[in-house]
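For my numbering, add 509 to where a residue sits in the sequence shown, where the first one is 1. Backbone N, C-alpha and C define an ideal beta-carbon position, used for all residues, glycine too. Accompanying notes for the structure given below.
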Amino acid sequence: MSNTNRVMIIGGKESFLIRVLIKKMAEQGIEGFYAASDIDAINKRIGDVAVLAYYMESNEFVSASVVQFLRDKLDEVGKKIILIGEKNDTDAIEKGLPSSVIAKVFLRPLDNEAFFSEVRLRFTEEEKKVEKKTILVVDDDPTYLGLVRDWLKETYQVAMANSGLQAIKWLGKNHADLILLDHEMPVTSGPQVLEMLRSDHETARIPVFFLTGKSDKASVMQVVDLKPEGYLLKSVMDRIELLEKLDKFFENK
Numbered sequence: 510m511s512n513t514n515r516v517m518i519i520g521g522k523e524s525f526l527i528r529v530l531i532k533k534m535a536e537q538g539i540e541g542f543y544a545a546s547d548i549d550a551i552n553k554r555i556g557d558v559a560v561l562a563y564y565m566e567s568n569e570f571v572s573a574s575v576v577q578f579l580r581d582k583l584d585e586v587g588k589k590i591i592l593i594g595e596k597n598d599t600d601a602i603e604k605g606l607p608s609s610v611i612a613k614v615f616l617r618p619l620d621n622e623a624f625f626s627e628v629r630l631r632f633t634e635e636e637k638k639v640e641k642k643t644i645l646v647v648d649d650d651p652t653y654l655g656l657v658r659d660w661l662k663e664t665y666q667v668a669m670a671n672s673g674l675q676a677i678k679w680l681g682k683n684h685a686d687l688i689l690l691d692h693e694m695p696v697t698s699g700p701q702v703l704e705m706l707r708s709d710h711e712t713a714r715i716p717v718f719f720l721t722g723k724s725d726k727a728s729v730m731q732v733v734d735l736k737p738e739g740y741l742l743k744s745v746m747d748r749i750e751l752l753e754k755l756d757k758f759f760e761n762k
């Protein structure tokens with residue numbers, strides 16, 4: 510089953526109510542599984558699901574570190590979470606999450622039919638995303654990463670990596686139709702990352718545009734043999750120009 514039809518139910522413990530909910534989901538043809546309220550447990554499977562739901566028992570404490578992780582990770586991967594619980598519990602976690610990553614809040618006792626409808630709506634949204642081209646943006650500047658993501662997210666599926674090594678790791682599990690790669694990064698530079706990509710048959714054919722503040726001949730010649738698609742100058746590029754260049758590139762492909 511594709512990740513567009515799978516739900517992760519997060520909770521402090523795998524309670525009887527969570528097990529019942531997962532069983533009822535299965536009866537509706539919806540695959541669900543439990544994940545502990547733990548950063549590693551959630552992160553390990555978040556790429557396998559279309560929908561996340563946090564099921565809170567009465568007066569359940571959700572650690573600040575988990576809320577912080579969900580806030581950052583959900584924004585990064587472009588997913589939303591459904592909150593289930595009593596009002597004081599859902600209010601507490603809502604305060605730590607931006608409204609942009611909250612799909613819906615359901616108060617207990619849970620209206621199962623309304624929950625299933627929301628899950629199916631999330632499935633539909635994820636299926637629409639699959640039709641979009643995926644662009645991986647690699648830059649060590651988090652502000653610039655967020656800016657480019659905001660520019661592109663309506664038209665493309667956008668993934669982000671803040672280092673070359675993180676990009677390589679992401680590509681080991683995911684597909685990109687295009688990479689926007691920062692030329693000047695610490696530890697592993699853009700040209701070094703491109704060289705690694707070209708040396709691996711799994712990533713060798715992924716087109717790459719460099720994001721850079723440099724347009725001098727030396728910088729261009731340094732990587733000409735690795736065949737990047739070109740250079741995009743950060744200092745002069747705006748949203749409209751970037752979208753036009755990307756649209757033209759994909760049209761020509």
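For residue i and residue j, I'd like the C-alpha separation in whole angstroms.
i	j	result
A601	G521	15 Å
Y564	K637	26 Å
K588	L661	16 Å
K532	M517	13 Å
D581	S546	15 Å
V628	D584	19 Å
M694	D549	27 Å
K757	P737	16 Å
T643	Q666	4 Å
R605	V571	Correcting the residue type first, residue 605 is Gly in the shown sequence and not Arg. For G605 and V571, the distance between alpha carbons rounds to 10 Å.
L674	L687	17 Å
M746	K754	10 Å
S511	D620	At S511 the pLDDT is 47, less than 50, meaning the model places this residue with poor confidence and gives no usable figure here.
K678	H684	11 Å
F632	V560	7 Å
G655	A668	10 Å
S567	S608	23 Å
Is residue i buried or exposed, if buried means 16 or more other CB atoms sit within 10 Å of its CB?
i	result
E851	Residue 851 is absent from the model: the chain starts at 510 and stops at 762.
A670	buried
K743	buried
L616	exposed
A535	exposed
F624	buried
T652	exposed
A573	exposed
V646	buried
L630	exposed
H710	exposed
If we call anything under 8 Å between Cβ atoms a contact, is residue i one with residue j?
i	j	result
I590	L579	yes
L720	D648	yes
R800	V558	With the chain represented from 510 up to 762, any question about residue 800 goes unanswered, as that position is not in the structure.
A676	V717	no
S672	V696	yes
E569	Y543	no
E603	V614	yes
L690	G681	no
V786	I555	The chain is shown only over 510 to 762; residue 786 falls outside these bounds and no answer can be derived.
I551	I519	yes
L752	T664	yes
Does the distance between the C-beta of residue i and the nearest non-hydrogen atom of the ligand ADP fall short of 7 Å?
i	result
K736	The ligand ADP is not among the ligands present in this structure, which contains no ligands whatsoever.
Flag residue i as yes if its beta-carbon sits less than 8 Å from any beta-carbon of chain C, otherwise no.
i	result
E634	No chain C appears in this structure, which consists of one protein chain only.
Note down, one range per segment and in chain order, each beta strand (DSSP E) of at least 3 residues found wholly within the segment 598-654. 611-616, 643-647
Which runs of the beta strand (DSSP E) at least 3 residues long sit entirely within the segment 673-744? Give them in chain order. 687-691, 717-721, 739-742
For the segment 565-595, which segments carrying the beta strand (DSSP E) assignment without a break, of at least 3 residues, lie completely within its bounds, in sequence order? 590-594
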